[in-house]
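Heads up, the thing below is written out as structure tokens.
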Amino acid sequence: MKNITEVQKYYLGIDLGGTFIKGGIVDRLGNVIVKDKVPTQSEGGSDAVAQNIAKLTKALLKKAGMQASDVVGMGMGVPGMIDSEAGEVIYSGNLNWEHFFIAEAVEKLTDIKVKIANDANVAALGETKFGCGKQFNNTVLITLGTGVGGGIIVDGKLFEGNRSAGAEMGHSVIVAGGEPCSCGRKGCLEAYASATALIRDTKRAMQNNKNSLMWQVGEQNVTGKTAFDYYDSDQSAKAVVDNYIEKLAVGLTNIANEFRPEAIMLGGGVCAQGDRLILPLREFVNKEIFGGNRGPKVEILTATLGNDAGLLGAAALWF
Numbered sequence: 195m196k197n198i199t200e201v202q203k204y205y206l207g208i209d210l211g212g213t214f215i216k217g218g219i220v221d222r223l224g225n226v227i228v229k230d231k232v233p234t235q236s237e238g239g240s241d242a243v244a245q246n247i248a249k250l251t252k253a254l255l256k257k258a259g260m261q262a263s264d265v266v267g268m269g270m271g272v273p274g275m276i277d278s279e280a281g282e283v284i285y286s287g288n289l290n291w292e293h294f295f296i297a298e299a300v301e302k303l304t305d306i307k308v309k310i311a312n313d314a315n316v317a318a319l320g321e322t323k324f325g326c327g328k329q330f331n332n333t334v335l336i337t338l339g340t341g342v343g344g345g346i347i348v349d350g351k352l353f354e355g356n357r358s359a360g361a362e363m364g365h366s367v368i369v370a371g372g373e374p375c376s377c378g379r380k381g382c383l384e385a386y387a388s389a390t391a392l393i394r395d396t397k398r399a400m401q402n403n404k405n406s407l408m409w410q411v412g413e414q415n416v417t418g419k420t421a422f423d424y425y426d427s428d429q430s431a432k433a434v435v436d437n438y439i440e441k442l443a444v445g446l447t448n449i450a451n452e453f454r455p456e457a458i459m460l461g462g463g464v465c466a467q468g469d470r471l472i473l474p475l476r477e478f479v480n481k482e483i484f485g486g487n488r489g490p491k492v493e494i495l496t497a498t499l500g501n502d503a504g505l506l507g508a509a510a511l512w513f
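Just so you know, the sequence shown maps onto residues 195 to 513 in our numbering.
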């Protein structure tokens with residue numbers, strides 16, 4: 195029976211992106227009471243962004259009929275290299291910031307205590323607490339977007355690493371001397387498993403086969419879906435998809451061997467392919483993982499929270 199004297203606690207979650215600041219007020223069960231978003235306007239500088247976060251906070255409280263004192267605290271997911279203990283953004287290329295103490299700035303504007311972490315890390319926490327990984331305590335989230343990011347949860351808690359720098363799993367090399375990566379190295383997982391890499395390989399396949407049915411789309415309209423859409427009807431498309439899945443599976447197997455998670459959660463637009471992506475990945479990883487079927491299997495799951503993962507995970511920094 196629920197204790198009738200128990201007071202419901204609420205938390206603010208902020209997902210700070212390069213284009214929009216998304217935010218919500220949530221409870222400990224992951225229910226989103228209210229949510230909204232405002233433009234980031236990072237071109238106005240760090241102080242202007244802090245002002246926009248404060249405006250969004252005020253709007254969310256008003257929408258929920260609350261005061262600042264009604265929330266326990268604010269959690270914030272921020273892109274870049276973060277010192278979570280100091281509340282500092284050490285460096286964020288997306289926002290063009292260096293050494294900005296964002297927690298202190300927002301606390302002064304809102305009168306609400308603030309905790310921060312890397313945006314991919316809080317998304318991992320959100321999916322583990324409230325999304326596809328909620329039955330597990332040891333998980334890894336891999337996001338397949340313009341790049342390959344992610345976060346690690348160990349015993350239900352966020353693993354942030356040395357000076358909160360997090361885990362750059364997209365920048366582990368899977369092909370020595372391979373494709374150039376945005377980080378300056380060659381052969382990184384990101385250079386093969388990102389949506390950017392998938393589009394690059396699709397266009398290459400089209401150039402190498404002028405009779406490919408994928409030309410019906412037109413080179414300028416190629417997306418991460420194109421090769422999957424033509425998988426059953428075009429050998430070039432099939433080769434692109436098979437190679438993409440193999441390279442991603444190699445990277446996931448490495449992660450599974452290194453961290454032994456109960457589940458690897460995949461997010462990003464590529465995951466809309468569902469079983470066509472997930473089933474062969476699951477088969478490959480559990481076959482290739484160290485010890486094979488002698489050891490524990492790792493679940494390969496599709497993230498379920500979408501755009502709410504960041505704000506829910508940010509709020510969960512408080513509990």
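C-beta atoms are modelled at their ideal positions from N, C-alpha and C, and glycine is treated no differently. Owing to the predicted nature of the structure, the values given are computational and were not obtained by experimental measurement.
**Asked** Who are I208's beta bridge partners in DSSP?
**Response** On the sequence shown, residue 208 is found 14 positions in, with the first residue counted as 1. Beta-bridge pairing links I208 to G217, M270.
**Message:** Mapping the DSSP letters down to three states, classify T322 as helix, strand or coil.
**Reply:** Against the sequence shown, residue 322 aligns to sequence position 128. Residue state, collapsed to three classes: helix.
**Request:** Report the partner residues of K229 according to the DSSP bridge assignment.
**Result:** By one-based count along the sequence shown, residue 229 stands at place 35. K229 pairs with G218.
**Prompt:** Taking the Cβ atom as the reference point for each residue, do G341 and M363 lie within a distance shorter than 8 Å?
**Reply:** Mapped onto the sequence shown, residue 341 falls at position 147. Mapped onto the sequence shown, residue 363 falls at position 169. No, Cβ-Cβ distance for G341 and M363 is not below 8 Å.
**Message:** Just to confirm the assignment: which complete alpha helix (DSSP H) runs, minimum length 4, are found wholly within the region 306-369?
**Reply:** 313-324
**Prompt:** Does the count of Cβ pairs from the region 497-512 and the region 224-234 closer than 8 Å reach three?
**Reply:** yes
**Request:** Using alpha carbons as the reference points, say which of S430, G274, K380, V367 lies closest to H293.
**Result:** As a working note, residue 293 is residue 99 in the sequence shown. That would be G274, whose Cα lies nearest to the Cα of H293.
**Asked** Is D209 buried or exposed, if buried means 16 or more other CB atoms sit within 10 Å of its CB?
**Response** Within the sequence shown, numbered from 1, the residue matching residue 209 stands at position 15. Result: buried.
**Prompt:** Is there contact between the region 462-477 and the region 295-312, where contact requires at least three CB pairs shorter than 8 Å?
**Reply:** no
**Request:** Could you tell me if D313 is buried or exposed, where buried requires 16 or more neighbouring beta carbons within 10 angstroms of its beta carbon?
**Result:** Start at 1 with the first residue of the sequence shown, and residue 313 comes out as number 119. Classification for D313: buried.
**Message:** For Q401, tell me which candidate among A431, E373, N480, A508 has the shortest Cα-Cα distance.
**Reply:** On the sequence shown, position 207 is the one that residue 401 refers to. Of the candidates A431, E373, N480, A508, the one whose C-alpha sits nearest the C-alpha of Q401 is A431.
**Request:** Leaving out five residues on either side along the sequence, give the residues of the same chain with a beta carbon under 7 Å from the beta carbon of I346.
**Result:** Translated into the one-based positions of the sequence shown, residue 346 becomes position 152. A318, V334, F353, A361, F453, listed in sequence order.
**Asked** Near T322, what residues of its chain come up, given a Cβ to Cβ distance below 6 Å and the 5 sequence neighbours on each side ignored?
**Response** The count along the sequence shown starts at 1 and reaches residue 322 at position 128. So the list reads T333, I347, once near-sequence residues are dropped.
**Message:** Please return the same chain residues whose Cβ sits closer than 6 Å to the Cβ of V464, not counting the five positions on each side in sequence.
**Reply:** To locate residue 464, count along the sequence shown from 1; it is residue 270. Here the set comprises L338, A389, G418.
**Request:** Given a cut-off of 8 Å, decide if A244 and Q235 are closer than it, judged by their beta-carbon atoms.
**Result:** Taking the sequence shown and counting its residues from 1, the one referred to as residue 235 is at position 41. Taking the sequence shown and counting its residues from 1, the one referred to as residue 244 is at position 50. No, Cβ-Cβ distance for Q235 and A244 is not below 8 Å.
**Three-state secondary structure (DSSP) of F515** = This structure cannot settle anything about residue 515, because the visible part of the chain is limited to 195 through 513.
**Asked** Can you tell me the Cα-Cα spacing of K147 and G355, whole angstroms?
**Response** The first residue shown for the chain is 195 and the last is 513, placing residue 147 beyond what the model contains.
**Asked** Looking at the unbroken beta strand (DSSP E) that takes in I472, where does it start and where does it end?
**Response** Along the sequence shown, read from residue 1 onward, the residue named residue 472 stands at position 278. Careful: I472 lies outside any beta strand (DSSP E), inside the alpha helix (DSSP H) at 469-482.
**Asked** Start and end of the alpha helix (DSSP H) containing A431?
**Response** Taking the first residue of the sequence shown as position 1, residue 431 is located at position 237. Counting along the chain, the alpha helix (DSSP H) containing A431 begins and ends at 429-453.
**Asked** Which of the three DSSP states, helix, strand or coil, is assigned to C377?
**Response** Position 183 of the sequence shown holds residue 377. Residue state, collapsed to three classes: coil.
**Request:** Measure the alpha-carbon distance for V369 versus A387 and round it to whole angstroms.
**Result:** Mapped onto the sequence shown, residue 369 falls at position 175. Mapped onto the sequence shown, residue 387 falls at position 193. Whole-angstrom Cα-Cα distance: 12 Å.
**Residue span of the beta strand (DSSP E) that contains A457, given as start and end** = For the purposes of this step, residue 457 is identified with residue 263 of the sequence shown, where counting begins at 1. From DSSP, the beta strand (DSSP E) with A457 extends over 457-461.
**Request:** Could you spell out where the alpha helix (DSSP H) holding L289 opens and where it closes?
**Result:** Start at 1 with the first residue of the sequence shown, and residue 289 comes out as number 95. Segment: none, L289 is in no alpha helix (DSSP H) and carries neither H nor E.
**Message:** Rounding to the nearest angstrom, what Cα-Cα distance links F478 and A443 in this structure?
**Reply:** Position 284 of the sequence shown holds residue 478. Position 249 of the sequence shown holds residue 443. Spanning the two alpha carbons is a distance of roughly 6 Å.
**Request:** Ignore the nearest five residues each way along the sequence and tell me which others in Q329's own chain have a CB closer than 7 Å to its CB.
**Result:** In the sequence shown, counting from the first residue as 1, residue 329 sits at position 135. Same-chain partners within the cutoff: there are none.
**Message:** Assuming contact is defined by CB atoms lying nearer than 8 Å, are L473 and T496 in contact in what I supplied?
**Reply:** In the sequence shown, counting from the first residue as 1, residue 473 sits at position 279. In the sequence shown, counting from the first residue as 1, residue 496 sits at position 302. Their beta carbons are not under 8 Å apart, which means L473 does not touch T496 by this criterion.
**Request:** Return the first residue and the last residue of the beta strand (DSSP E) that D277 is part of.
**Result:** Working through the sequence shown from its first residue, we reach residue 277 at position 83. 275-277 is the span of the beta strand (DSSP E), which, as asked, contains D277.
**Prompt:** Count the other CB atoms within 10 Å of the CB of P374; is the residue buried (16 or more) or exposed (fewer)?
**Reply:** Here the question's residue 374 lines up with position 180 in the sequence shown. Counting Cβ neighbours within 10 Å, P374 comes out exposed, since fewer than 16 surround it.
**Asked** Among residues of its own chain, excluding the 5 on either side of G281, which ones have a beta-carbon nearer than 7 Å to its beta-carbon?
**Response** Taking the sequence shown and counting its residues from 1, the one referred to as residue 281 is at position 87. The residues are F295, I296, A297, E298, V308, I310.
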